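If you use UniProt numbering, the sequence shown corresponds to residues 1 to 140, in order.
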Amino acid sequence: MSIVDAYKHGEHKRNVAHFAAIATLAKADGVITDKESEILDRFARKLGVTAHEFKSIMDSDKKYPIDPAISAEKRLERIFDLFKIVFADHKFDENEIGLVKRYALGLGYSKDNVDQVVHKAIKIFTGMIDFEDFQYLMGK
Numbered sequence: 001m002s003i004v005d006a007y008k009h010g011e012h013k014r015n016v017a018h019f020a021a022i023a024t025l026a027k028a029d030g031v032i033t034d035k036e037s038e039i040l041d042r043f044a045r046k047l048g049v050t051a052h053e054f055k056s057i058m059d060s061d062k063k064y065p066i067d068p069a070i071s072a073e074k075r076l077e078r079i080f081d082l083f084k085i086v087f088a089d090h091k092f093d094e095n096e097i098g099l100v101k102r103y104a105l106g107l108g109y110s111k112d113n114v115d116q117v118v119h120k121a122i123k124i125f126t127g128m129i130d131f132e133d134f135q136y137l138m139g140k
């Protein structure tokens, strides 16, 4: 196996593990809405998850461990993806937030940082940011 093949295989494994965590969040409230299903399909395509892997994950998503992200940007992107799933039905519950926190720890965020990251993401996704934060985000 070449280095390129090994890298592609490793990246695919990380993407499948990430998708499994997203699917776990979508199923946390016991129901997958049409919107959540649409987002899961889109993420599966984006992450290169095969139809067989998709079915296996949806039937038993606890097979895949959380694979720590390589960079801070990748960690943030994975948290963002998870919040898109959590808020796809325009609501969230403590089970979903608890799963996001556990996933954030698995990604490599410190215990001290998890609450801060999740709290900020909740404020952003629920529109509860102050003007200074809005101004900062708009300046990007």
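Glycine included, C-beta positions come from ideal geometry on N, C-alpha and C. What you are looking at is a predicted structure, and each value in this text was computed from that prediction instead of being measured.
C-alpha distance - residue i paired with residue j, whole-angstrom precision
i, j, result
"F92", "L76", "19 angstroms"
"F134", "K123", "11 angstroms"
"D115", "K101", "7 angstroms"
"I85", "G139", "26 angstroms"
"K111", "K74", "18 angstroms"
"H52", "K27", "19 angstroms"
"E132", "L105", "28 angstroms"
"D41", "D130", "33 angstroms"
Three-state secondary structure assigned by DSSP to residue i
i, result
"S110", "coil"
"M58", "helix"
"N138", "Sequence check: residue 138 is Met here, not Asn. DSSP places M138 in helix when its eight states are reduced to three."
Expected contact under 8 angstroms - CB spacing of residue i and residue j to nearest Å
i, j, result
"residue 210", "F19", "Nothing can be reported for residue 210: it is not among the residues displayed for the chain, which extend from 1 to 140."
"A21", "Y103", "5 angstroms"
Interface flag, residue i vs chain B, CB-CB below 8 angstroms
i, result
"D112", "Reference to chain B is not applicable here, since this structure consists of a single protein chain."
Same chain, Cβ closer than 6 angstroms to residue i, five either side skipped, listed in chain order
i, result
"N15", "L47, G48"
Pair every Cβ in the stretch 81-101 with every Cβ in the stretch 35-44, then say whether three or more of these pairs are closer than 8 angstroms. yes
Are at least three pairs of beta-carbons, each pair with one atom in the stretch 113-122 and one in the stretch 94-101, less than 8 angstroms apart? yes
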